[in-house]
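J.: Under the numbering used here, the first residue of the sequence shown carries the number 355, and numbering increases by one thereafter.
Backbone N, C-alpha and C define an ideal beta-carbon position, used for all residues, glycine too.
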Amino acid sequence: MIDYLMTENQEQPSPLFSLILSQGNALTLAIILLKLVLISRNSQLYLEVRIADLIRYYERFPRQDCQWVINFLEVFQVTFAIYAENTEYNLVRIDESAEQAPLLAYSLEDLETFRIFSQRMGLSKFNPDSADPSLS
């Protein structure tokens with residue numbers, strides 16, 4: 355399946371890859387690939403090799419001719435960083451004194467009071483009571 359979506363002959367882009375991206379559907383392709391990897395974790399390494407094949411193929415062309423491929427690679431990288439890695443992202447409000455409202459009700463200025471924090475999933479959360487006293 356990955357070959358049909360990426361490089362059928364492991365050298366040139368597949369017709370399906372070119373068709374999907376030529377229609378501006380980089381996110382759609384990235385999500386399909388993500389779903390394949392989530393179904394079969396072992397396929398991620400194979401997918402990364404196919405991505406490398408595509409990069410090798412397109413590196414001989416001028417950058418301005420490959421903007422659509424670069425866009426796909428950026429979307430792919432962000433999509434996989436968010437969903438395929440063991441990272442949890444949390445939106446935390448810094449200014450606790452302000453009135454609580456649904457997230458969509460905040461103005462742009464209010465959104466400055468929020469920060470995004472990431473944490474590796476599967477790792478224990480920090481507990482200050484269990485910290486090593488010698489580190490203080």
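May I have a chain-ordered list of the beta strand (DSSP E) segments no shorter than 3 residues that lie completely inside the stretch 375-456?
T.: Within the stretch 375-456, the complete beta strand (DSSP E) runs of at least 3 residues are 441-447.
J.: Using the C-alpha atoms, what's the distance from residue 369 back to residue 470?
T.: Cα to Cα, the separation comes out at about 39 Å.
J.: Regarding residue 419 and the ligand MN, is the C-beta to nearest heavy atom distance less than 7 Å?
T.: No copy of the ligand MN appears in this structure; indeed no ligand is present at all.
J.: Who does residue 371 pair with in a DSSP beta bridge?
T.: None; residue 371 has no bridge partner.
J.: Alpha carbons only, please: which of 377, 396, 400 and 392 is nearest the one belonging to residue 358?
T.: Closest option to residue 358, Cα to Cα, is 400.
J.: Do the CB positions of residue 375 and residue 423 come within less than 8 Å of each other?
T.: Contact flag set, yes.
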